[in-house]
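Number of protein chains: 4
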Amino acid sequence: MKTAPAVILSTILFVSLSAQAMPMANSGDRFGNQVKNTNITAEEVRSAQEAWGKALIQISKDFEKGGSKKATATANAVLDAAYGYAEGPVLFKPTLTTGEQTFRTSKEGALAYFVGGNKKFSKDSGFALKGWEKFDYRNAAVYINGDMAMTMGNVILTDKKGNVTTVDKTWGFKKGDDGKVRIVLHHSSLPYNP
Amino acid sequence: MKTAPAVILSTILFVSLSAQAMPMANSGDRFGNQVKNTNITAEEVRSAQEAWGKALIQISKDFEKGGSKKATATANAVLDAAYGYAEGPVLFKPTLTTGEQTFRTSKEGALAYFVGGNKKFSKDSGFALKGWEKFDYRNAAVYINGDMAMTMGNVILTDKKGNVTTVDKTWGFKKGDDGKVRIVLHHSSLPYNP
Amino acid sequence: MKTAPAVILSTILFVSLSAQAMPMANSGDRFGNQVKNTNITAEEVRSAQEAWGKALIQISKDFEKGGSKKATATANAVLDAAYGYAEGPVLFKPTLTTGEQTFRTSKEGALAYFVGGNKKFSKDSGFALKGWEKFDYRNAAVYINGDMAMTMGNVILTDKKGNVTTVDKTWGFKKGDDGKVRIVLHHSSLPYNP
Amino acid sequence: MKTAPAVILSTILFVSLSAQAMPMANSGDRFGNQVKNTNITAEEVRSAQEAWGKALIQISKDFEKGGSKKATATANAVLDAAYGYAEGPVLFKPTLTTGEQTFRTSKEGALAYFVGGNKKFSKDSGFALKGWEKFDYRNAAVYINGDMAMTMGNVILTDKKGNVTTVDKTWGFKKGDDGKVRIVLHHSSLPYNP
Numbered sequence: 046m047k048t049a050p051a052v053i054l055s056t057i058l059f060v061s062l063s064a065q066a067m068p069m070a071n072s073g074d075r076f077g078n079q080v081k082n083t084n085i086t087a088e089e090v091r092s093a094q095e096a097w098g099k100a101l102i103q104i105s106k107d108f109e110k111g112g113s114k115k116a117t118a119t120a121n122a123v124l125d126a127a128y129g130y131a132e133g134p135v136l137f138k139p140t141l142t143t144g145e146q147t148f149r150t151s152k153e154g155a156l157a158y159f160v161g162g163n164k165k166f167s168k169d170s171g172f173a174l175k176g177w178e179k180f181d182y183r184n185a186a187v188y189i190n191g192d193m194a195m196t197m198g199n200v201i202l203t204d205k206k207g208n209v210t211t212v213d214k215t216w217g218f219k220k221g222d223d224g225k226v227r228i229v230l231h232h233s234s235l236p237y238n239p
Numbered sequence: 046m047k048t049a050p051a052v053i054l055s056t057i058l059f060v061s062l063s064a065q066a067m068p069m070a071n072s073g074d075r076f077g078n079q080v081k082n083t084n085i086t087a088e089e090v091r092s093a094q095e096a097w098g099k100a101l102i103q104i105s106k107d108f109e110k111g112g113s114k115k116a117t118a119t120a121n122a123v124l125d126a127a128y129g130y131a132e133g134p135v136l137f138k139p140t141l142t143t144g145e146q147t148f149r150t151s152k153e154g155a156l157a158y159f160v161g162g163n164k165k166f167s168k169d170s171g172f173a174l175k176g177w178e179k180f181d182y183r184n185a186a187v188y189i190n191g192d193m194a195m196t197m198g199n200v201i202l203t204d205k206k207g208n209v210t211t212v213d214k215t216w217g218f219k220k221g222d223d224g225k226v227r228i229v230l231h232h233s234s235l236p237y238n239p
Numbered sequence: 046m047k048t049a050p051a052v053i054l055s056t057i058l059f060v061s062l063s064a065q066a067m068p069m070a071n072s073g074d075r076f077g078n079q080v081k082n083t084n085i086t087a088e089e090v091r092s093a094q095e096a097w098g099k100a101l102i103q104i105s106k107d108f109e110k111g112g113s114k115k116a117t118a119t120a121n122a123v124l125d126a127a128y129g130y131a132e133g134p135v136l137f138k139p140t141l142t143t144g145e146q147t148f149r150t151s152k153e154g155a156l157a158y159f160v161g162g163n164k165k166f167s168k169d170s171g172f173a174l175k176g177w178e179k180f181d182y183r184n185a186a187v188y189i190n191g192d193m194a195m196t197m198g199n200v201i202l203t204d205k206k207g208n209v210t211t212v213d214k215t216w217g218f219k220k221g222d223d224g225k226v227r228i229v230l231h232h233s234s235l236p237y238n239p
Numbered sequence: 046m047k048t049a050p051a052v053i054l055s056t057i058l059f060v061s062l063s064a065q066a067m068p069m070a071n072s073g074d075r076f077g078n079q080v081k082n083t084n085i086t087a088e089e090v091r092s093a094q095e096a097w098g099k100a101l102i103q104i105s106k107d108f109e110k111g112g113s114k115k116a117t118a119t120a121n122a123v124l125d126a127a128y129g130y131a132e133g134p135v136l137f138k139p140t141l142t143t144g145e146q147t148f149r150t151s152k153e154g155a156l157a158y159f160v161g162g163n164k165k166f167s168k169d170s171g172f173a174l175k176g177w178e179k180f181d182y183r184n185a186a187v188y189i190n191g192d193m194a195m196t197m198g199n200v201i202l203t204d205k206k207g208n209v210t211t212v213d214k215t216w217g218f219k220k221g222d223d224g225k226v227r228i229v230l231h232h233s234s235l236p237y238n239p
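Line order of the protein sequences matches chains A, B, C and D.
Reading the first sequence from the start, the letters are residues 46 to 239 in the working numbering.
Reading the second sequence from the start, the letters are residues 46 to 239 in the working numbering.
Reading the third sequence from the start, the letters are residues 46 to 239 in the working numbering.
Reading the fourth sequence from the start, the letters are residues 46 to 239 in the working numbering.
Quick look at the structure:
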């Protein structure tokens, strides 16, 4: 009788082996089994999304307490910590930019968008200064690939008057050699209004 | 006299070595030096962007020649060849979608957007059927990371009447095991109108 | 008094936020939150290592039961399922190969090593035919990077007479678009004997 | 007559488009077209391989000129610049190590192997101190995947007496956020001697 080794093997290979079948289970841990893993996790993505919201609200609060100077200092720190401008261009299309200044691939352009006050970007009034008090988000889907993750969905912002702004938002996050997650892609747009 | 080996080494290591300094240059080719490279290239990104534009125009032309049926068949083939729906959700925010149907993470939703005719997506009138004749694009920046690349910039579409539509567009392309490049992320939005 | 926003932010950003602090926790799940993840996991690496051992023992058993023909069929199926030869050269240095035939970058060379019987590789006696009955392994360290993982450590093989062979082994595993894990790198060597 | 859109499209999509067919060719460069690419290249792999050989010879020369102290300082600098120990365990199996100390996943163990003089590694006599004068290499195959590349092949070392040592060597190189290439995997073994 003929055997079908491919079929047999496919059941042997790549199946989760039970402890009974593998008496040496966990034996892989001997010698210490040190594991280095450079990949980004879904947990890290979620944390980075929530940190973005927290940071936006913090800039708004600092603007109220300390004015433009304090808000700018905070926004500057946020950009350094949460965006990848130190390593090259960031693919950033903010919600309310237009024309030649639509894309903010440099940190200067991003800072201008968040807190205004830069003559080179005279149309920027400071998106982060608008009294934001609450942040929420809903991911339509998340794509994780190596040290990068992309999210797409809605971000819902509420200001101190209770006005709600919903945007369609795509983020690309990259985990660095230092284990920190930074935004390298950010496309935000107002919902289409037919 | 003390030497500073770290400095000396930094000039030795990781510099492009001249042919004179390395008489065995090219010796790495012996044994055949077969190279397998899974990474996506800037060339492949450009080709994929241009292929997207070509495909959109093709759907428009097929609609004129063969009506909805022909356009739908073409759009279906485009989605299979150029998008990653076969392997999971695609992060797709088309230009003109709204509300609960803003994000089209399934192929059905993407097809409805391009050619309409699906009762589940009753607001879709078929973006690809609008008589597109010319496609152009301008990348603000490109980010290449392993088998993925992201682009952000403008796409400029012209229809047969000469009307020009410019959109802000982000794409994420992934190169598969088969060497083909597919869209796994696509965020398109009309320019902000203050 | 001066504030230090960078410090403040560093405590805000990238920290695991408590449920209390984030009332919208889990809100990211709305819209379905479909997650596509191409990365290889430590679990998958362990399973692939254990599957390799199982497969080697299976070839030995099949050789006893069905002779060279059966063993060859099984080895062929193992190579197709567990190695990446279908997509290009595999970096394979088996334990007992020498000279011009040390590296087996093609499937034919790998099959010859495991089961012999190929005149082009006349020194190969069939490593997998040596009556292997038990497999164990100990990872010294594991490196996970995207869809690839590398392991280094000892593999301990016992034959039916109770003879134990220990080898120093490095594996490189790659997870394919189909979610399956395949060996693309395999360097095995006998321990150095001073 | 029925058309076969899938076939038509497959010729449209993903083909290298001629300049004639695409009058807007190169238009993707407008807006600056800044490209960030984190991937490792074949050139960088070759440079890193040659830098390793240069560094080994340098340690040998420094040992002759400045004795153990100078060689150790150089080896220390080489390990910092060329290996990834700063970011975690390196998968390193040197040519001449045995038993419990076969794998040198820490920098201390690697340094001991290259220059000896560490009581914890009493069998190490200093591999880099053996009067190496010439380095050559032959890759059997190279595998490039994202920011990592693996090479397998022979390294051929010649000492000042003209003695030649050939080893079977596998390297795994990783390109860091700083653009520098470091060894994270290194398996070296003497050829099998039947």
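Just so you know, even glycine gets a beta-carbon here, dropped at the ideal spot from N, CA and C.
As the structure is a prediction and not an experimental result, all values here were calculated from the model.
* Compare the C-beta of A93(D) against all C-beta atoms of chain C and say whether one is closer than 8 angstroms. => Position 48 of the fourth sequence, counted from the start, is the residue given in the question as residue 93(D). With 8 angstroms as the cut-off, A93(D) does not count as an interface residue toward chain C.
* So with Cβ pairs under 8 angstroms, would you call S105(D) a contact of chain C? -> The count along the fourth sequence starts at 1 and reaches residue 105(D) at position 60. False, the Cβ-Cβ gap to chain C never drops below 8 angstroms.
* Asked: Is any beta-carbon of chain C found at less than 8 angstroms from that of V80(A)?
  -> Locating residue 80(A) in the first sequence gives position 35, where the first residue counts as 1. Yes, contact with chain C.
* To do: Output yes or no for whether 8 angstroms exceeds the beta carbon distance between G198(D) and Y182(D).
  => Residue 198(D) sits at position 153 when you count from the first residue of the fourth sequence. Residue 182(D) sits at position 137 when you count from the first residue of the fourth sequence. With respect to Y182(D), G198(D) sits close: the two C-beta atoms are nearer than 8 angstroms.
* To do: Determine which residues of the segment 183–199 of chain D have a Cβ less than 8 angstroms from any Cβ of chain B, and write them out in chain order.
  => R183, N184, A185, A186, V187, Y188, I189, N190, G191, D192, G198, N199
* Would you mind sorting A186(B) into buried or exposed? The rule is 16 or more other CB atoms within 10 Å of its CB. => The count along the second sequence starts at 1 and reaches residue 186(B) at position 141. With 16 or more Cβ atoms within 10 Å of its Cβ, A186(B) is classed as buried.
* Asked: What span of residues does the alpha helix (DSSP H) with I189(B) cover, start to end?
  -> Translated into positions along the second sequence, residue 189(B) becomes position 144. Not the alpha helix (DSSP H): I189(B) falls in the beta strand (DSSP E), residues 177–190.
* To do: Just tell me which of A127(D), N121(D), T140(D), S151(D) has its CA closest to the CA of I201(D).
  => The residue you call residue 201(D) lines up with position 156 of the fourth sequence. Of the candidates A127(D), N121(D), T140(D), S151(D), the one whose C-alpha sits nearest the C-alpha of I201(D) is T140(D).
* **6 angstroms Cβ shell around T117(D) - same chain, five flanking residues per side excluded** => For the purposes of this step, residue 117(D) is taken as the residue at position 72 of the fourth sequence. V160.
* Would you list, in chain order, the members of the segment 151–173 of chain D that have their beta-carbon closer than 7 angstroms to a beta-carbon of chain C? => none
* Asked: A87(D) touches chain B at which residues, Cβ-Cβ below 8 angstroms?
  -> Here residue 87(D) is taken as the residue at index 42 of the fourth sequence, counted from 1. Those within 8 angstroms of A87(D) in chain B are V80, N82.
* From G112(D) to L156(D), what does the alpha carbon distance come to, in whole angstroms? -> Counting from 1 along the fourth sequence, the entry for residue 112(D) is found at position 67. Counting from 1 along the fourth sequence, the entry for residue 156(D) is found at position 111. So the alpha carbons of these two residues sit roughly 15 angstroms apart.
* **Selected residue, minimal CA-CA separation from Q79(A), among Y237(C), D222(C), H231(C), A194(C)** => The sequence position of residue 79(A) within the first sequence is 34, counting from 1. Of Y237(C), D222(C), H231(C), A194(C), the residue nearest in Cα terms is A194(C).
* Asked: Quick one: which chain B residues come within Cβ less than 9 angstroms of Y130(A)?
  -> Walking along the first sequence from the start, residue 130(A) turns up at place 85. Against chain B, the beta carbon of Y130(A) has no neighbour under 9 angstroms; the closest one sits roughly 11 angstroms away.
* Asked: What's the C-alpha gap between T143(A) and T196(D)?
  -> The count along the first sequence starts at 1 and reaches residue 143(A) at position 98. The count along the fourth sequence starts at 1 and reaches residue 196(D) at position 151. Cα-Cα distance, rounded: 48 angstroms.
* Asked: Taking C-beta to C-beta, are F172(C) and I102(C) nearer than 8 angstroms?
  -> By one-based count along the third sequence, residue 172(C) stands at place 127. By one-based count along the third sequence, residue 102(C) stands at place 57. Not in contact: F172(C) and I102(C) (Cβ atoms no closer than 8 angstroms).
* Among the residues of its own chain, which have a CB less than 6 angstroms from the CB of A100(A), if the five just before and after it don't count? -> Within the first sequence, residue 100(A) is the residue found at index 55, counting from 1. Excluding positions up to five away in sequence, the list reads V123.
* 8 angstroms contact criterion, which K81(B) and P236(C) should meet: CB distance rounded -> For this step, residue 81(B) is matched to residue 36 along the second sequence. For this step, residue 236(C) is matched to residue 191 along the third sequence. Actually they are not in contact, since the Cβ atoms of K81(B) and P236(C) sit about 30 angstroms apart, beyond 8 angstroms.
* **According to DSSP, residues forming a beta bridge with V226(B)** => In the second sequence, residue 226(B) corresponds to position 181, counting from 1. Beta-bridge partners assigned by DSSP to V226(B): K220(B).
* **Proximal chain C residues relative to G144(B), where beta-carbon distance stays under 9 angstroms** => Locating residue 144(B) in the second sequence gives position 99, where the first residue counts as 1. What G144(B) touches in chain C: nothing, since even the nearest Cβ is about 12 angstroms away.
* To do: May I ask you to report which of helix, strand or coil DSSP gives L235(B)?
  => As a position in the second sequence, residue 235(B) is number 190, starting the count at 1. It is coil, neither helix nor strand.
* Identity of the residue in S234(D), E178(D), H231(D), E145(D) nearest S167(D) by Cα -> What you label residue 167(D) is simply residue 122 of the fourth sequence in a count that begins at 1. Answer by Cα proximity: E145(D).
* To do: Taking I104(B) as part of the alpha helix (DSSP H), name the residues at either end of that continuous run.
  => Counted from its first residue, the second sequence places residue 104(B) at position 59. Its alpha helix (DSSP H) spans residues 87–127.
* Tell me, please, whether the CB atom of S72(C) is closer than 8 angstroms to any CB atom in chain B? => For the purposes of this step, residue 72(C) is identified with residue 27 of the third sequence, where counting begins at 1. The predicted position of S72(C) is uncertain, since its pLDDT is 45 and thus under 50; no value can be drawn from it.
* Asked: What span of residues does the beta strand (DSSP E) with V80(C) cover, start to end?
  -> The residue labelled residue 80(C) in the question sits at position 35 within the third sequence. It spans 79–82 - the beta strand (DSSP E) in which V80(C) sits, taken as one unbroken run.
* Whose C-beta lies closer than 6 angstroms to the C-beta of L230(C) among residues of the same chain, with five residues either side of it excluded? -> The residue you call residue 230(C) lines up with position 185 of the third sequence. Excluding positions up to five away in sequence, the list reads L136, G217.
* Considering only residues of the same chain and omitting the five flanking positions on each side of G221(D), which have a CB-CB separation below 7 angstroms? -> Numbered from its first residue, the fourth sequence carries residue 221(D) at position 176. Only R227 meet the Cβ criterion.
* To do: Would you decide whether S234(C) is buried or exposed? Buried here means 16 or more other CB atoms lie within 10 Å of its CB.
  => Stepping through the third sequence from its first residue, residue 234(C) is reached at position 189. Buried, by the Cβ-count rule.
* Compile a chain-ordered list of the residues in the segment 207–227 of chain A whose CB is closer than 7 angstroms to at least one CB of chain D. => If the cut-off is 7 angstroms between Cβ atoms, the segment 207–227 of chain A has G221, D222 near chain D.
* To do: Could you check if N190(D) is buried or exposed, using at least 16 other CB atoms within 10 Å of its CB as the buried criterion?
  => Working through the fourth sequence from its first residue, we reach residue 190(D) at position 145. It is buried - the Cβ of N190(D) has at least 16 other Cβ atoms within 10 Å.
* To do: Select from E109(D), K214(D), A131(D), G162(D) the residue whose C-alpha is nearest the C-alpha of K152(D).
  => Here the question's residue 152(D) lines up with position 107 in the fourth sequence. Of the listed residues, the one whose Cα sits closest to K152(D) is A131(D).
* Option in D107(A), N208(A), K138(A), H232(A) with minimal Cα separation from L174(A) -> Taking the first sequence and counting its residues from 1, one reaches residue 174(A) at position 129. Closest by alpha carbon: D107(A).
* So with Cβ pairs under 8 angstroms, would you call T119(A) a contact of chain B? -> Start at 1 with the first residue of the first sequence, and residue 119(A) comes out as number 74. No, its Cβ sits nowhere closer than 8 angstroms to a Cβ of chain B.
* Apply the 10 Å Cβ neighbour rule to V90(C) and answer buried if 16 or more other Cβ atoms are within range, or exposed otherwise. => Reading the third sequence from its first residue, position 45 is the one you call residue 90(C). Buried, since its Cβ has 16 or more Cβ neighbours within 10 Å.
* Given that P134(B) touches chain C, what residues does it touch there, using C-beta distances under 9 angstroms? -> Position 89 of the second sequence, counted from the first residue, corresponds to residue 134(B). Under the 9 angstroms cutoff, chain C gives G77, Q79, V80, K81.
* To do: Note the first and the last residue of the continuous alpha helix (DSSP H) segment covering G198(D).
  => One-based indexing of the fourth sequence puts residue 198(D) at position 153. Here G198(D) belongs to no alpha helix (DSSP H); instead the beta strand (DSSP E) covers 193–204.
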